[in-house]
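Each step along the sequence shown adds one to the number in this note's numbering, with nothing skipped, and position 29 is 45.
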Amino acid sequence: MNRTMIVIPFIVLAFCLSIPISHQAFAEEAMTPSETGQQSFTVKRLVIAGQIEDREPAGVSDSFPSTTEGVYCFLEAVDIEKDTEVTFTWQFKNAPVFSITLPLKRGPRWRTYSYKNLYGMAGDWKVELKDAGGYTVDTASFTVK
Numbered sequence: 017m018n019r020t021m022i023v024i025p026f027i028v029l030a031f032c033l034s035i036p037i038s039h040q041a042f043a044e045e046a047m048t049p050s051e052t053g054q055q056s057f058t059v060k061r062l063v064i065a066g067q068i069e070d071r072e073p074a075g076v077s078d079s080f081p082s083t084t085e086g087v088y089c090f091l092e093a094v095d096i097e098k099d100t101e102v103t104f105t106w107q108f109k110n111a112p113v114f115s116i117t118l119p120l121k122r123g124p125r126w127r128t129y130s131y132k133n134l135y136g137m138a139g140d141w142k143v144e145l146k147d148a149g150g151y152t153v154d155t156a157s158f159t160v161k
């Protein structure tokens, strides 16, 4: 047997084995949290409110006057499989202006909220809720007029 006949099968074998590995790595990157099972809770409510009363949102709206001092983004999460964290990222005109990370404790239900002073900034606002892996799991939008 000559040397070429021995080397070529090894090169072909190495090439064939590398294709499925590369394809699998690419497929995992493109998956969403729900497809990979990373999200360990379900969002039941994500709303913007003028107040919190008795641990519940009050004055829920998608529009607030510019005289409103601040608003709350209220989250009710259910079916929380393990202790984790969520991040509220407040955006004004599609630019991030404030972010805070808060805990979610394991259990059937957890409520929490984030507050943002509006400083009379009229325009379109959005709050992105991200899980511990950094994936956006929900958004709440509102306008200040």
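Even for Gly, the Cβ is constructed at its ideal location relative to N, Cα and C. Here the structure is a predicted model, which means the values were calculated and not measured.
**Request:** Using beta-carbon positions only, say whether Phe158 and Trp141 come within less than 8 Å of one another.
**Result:** yes
**Prompt:** Residue range of the beta strand (DSSP E) that Gln55 falls in?
**Reply:** First-last for Gln55: undefined, no H or E at that position.
**Prompt:** Can you tell me whether DSSP reads Tyr129 as helix, strand or coil?
**Reply:** In the structure shown, Tyr129 falls within a strand segment according to DSSP collapsed to helix, strand and coil.
**Item:** Straight-line Cα distance separating Ile96 from Leu145
**Value:** So the alpha carbons of these two residues sit roughly 15 Å apart.
**Asked** With which residues is Thr100 paired in a DSSP beta bridge?
**Response** Thr100 pairs with Leu120.
**Asked** Among residues of its own chain, excluding the 5 on either side of Asp99, which ones have a beta-carbon nearer than 8 Å to its beta-carbon?
**Response** Pro119, Leu120, Lys121, Arg122
**Request:** Look up Leu145 in the DSSP assignment and say whether it is helix, strand or coil.
**Result:** strand
**Prompt:** If we ignore side chains and look at the alpha-carbon of each, how far apart do Ala148 and Arg71 end up?
**Reply:** 23 Å
**Message:** Just list the residues that DSSP pairs Arg61 with in beta bridges.
**Reply:** The secondary-structure analysis by DSSP pairs Arg61 across a beta bridge with Glu92.
**Asked** Run through DSSP, which three-state label would Ala46 get?
**Response** Reliability of the predicted coordinates at Ala46 is poor, the pLDDT of 39 falling under 50, and the value obtained from them is presented with this limitation in mind. Three-state DSSP puts Ala46 in a helix.
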